[in-house]
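Have a look at the structure below before the remarks.
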Amino acid sequence: MACITDANMVNWFSSTMEDIRNKMLVQGSAEMTETGMDWVQTHRQFVKSVLDTCSKKVKDDEIIFETIDSYKTDLQKKNASMVEKRNAIAKRLSEVEGKDVQKSKIIEKIEMIRVEQAKKKELIVSQNKANKDRLKNLNKAKQVFQDRLGLEIRKIHGEKLQFIFRDINQKDSECVYTFMLRINEGGLYQIVSNDPPLDCMAHLEQRLQETNNFSAFLANVRREFVTLKTVIHLMFLQHLTLAAPQRRLMENGLSVHSISHTTNRCLPFDRCQEGLLLSYSTHRLCLT
């Protein structure tokens, strides 16, 4: 065995160690290079995979964002539609409430009309009964006055009745005394006219409303016509009586001035008329 102190041996050993180191370096470098290349390739594949994944993720995110935007747009449209529908519902509810109010008012009006119709029906029934009673009284009075007092009753246009007394002035059958009567909306008797006019007709009408005794009313009217006829007849006779002396004197050729003392005793016709009408009024007040 060679001594380690031998210079050749040292050189050989150093050379051998250097060769081993170089081989190891070359082998290690090759392995490291190969491993690095594998790592690079793996990294590239990983990066490519990551890029592909990210690209796909970006595309998916874009689709998601587009979908979200579409959802937002749809949501806005739906919100707007909901607002419109809510407003339409509120408007319809307001209309329904208004119609409910109108319905309540219509129901109240219908109830009022029903009550009014019931009252009118009762009033019509009452008026019909009263009219039947009045008609019955009228028929009785008509028959009595036709048979005994020469009364004629005519129906005039406008639901009026004309009462004609023919035998008040027995010397003149053509001389008639009339009055016209109707029943007003309140079911009351109303005198429309009378010929010749009677000052007391309003009082007689009031008495008729109070007593509803039509026979007595006809009797009173006829009595007033008779009284008026008598007064007028007396007026005429008195005028003739008072005027006769004046006519006789004038026929004898006397002037008006020469008979002034005679005419002073004769009342003028208008003064005579006033006195007789006053007597008629006093007589009428006594009758009432």
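Residue numbers (the working numbering): 5 to 292. All residues carry an ideal CB built from backbone N, CA and C; glycine is no exception.
Exposed unless 16 or more other CB atoms sit within 10 angstroms - verdict on residue i
i, result
"L222", "buried"
"K60", "exposed"
"Y75", "exposed"
"R226", "buried"
"M21", "exposed"
"L185", "buried"
"N224", "buried"
"F69", "exposed"
"V105", "exposed"
"N198", "buried"
"L212", "buried"
"M239", "buried"
"E163", "exposed"
"L208", "buried"
"L155", "buried"
"D23", "exposed"
Residues bridged to residue i (per DSSP)
i, result
"M36", "Its beta-bridge partners do not exist; DSSP assigns none."
"Q194", "R186"
"I160", "K164"
"T75", "The identity of residue 75 in the sequence shown is Tyr, whereas the question assumes Thr. Answer is none; Y75 lacks a bridge partner."
"L244", "Looking at the DSSP assignment, L244 forms no beta bridge with any residue, so it has no partner."
"L155", "F169"
Sequence-distant residues of the same chain with beta carbon closer than 6 Å to residue i, five excluded per side
i, result
"K233", "I172 and N173"
"E101", "none"
Proximal residues to residue i (C-beta, below 8 Å), its chain only, five neighbours per side dropped
i, result
"N15", "none"
"A206", "I195"
Residue i (DSSP reduced to helix, strand or coil)
i, result
"R170", "coil"
"D199", "strand"
"N12", "helix"
CB-CB length for residue i against residue j, believed under 8 Å
i, j, result
"E178", "C204", "At roughly 25 Å, the Cβ-Cβ gap does not stay under 8 Å, so E178 and C204 are not in contact."
"P200", "Y181", "7 Å"
"F169", "I157", "Actually they do not touch by this definition, with Cβ atoms about 11 Å apart."
Same chain only: Cβ atoms within 7 Å of residue i, ignoring 5 sequence neighbours per side
i, result
"E38", "none"
"S259", "With a pLDDT of 44 at S259, under the threshold of 50, the predicted position of this residue should be treated as unreliable, though the coordinate-derived value follows. Hits under 7 Å: none found."
Residue i at chain D interface by Cβ criterion, 8 Å
i, result
"I67", "Judged by its chain identifiers, the structure shown contains no chain D, having just a single protein chain."
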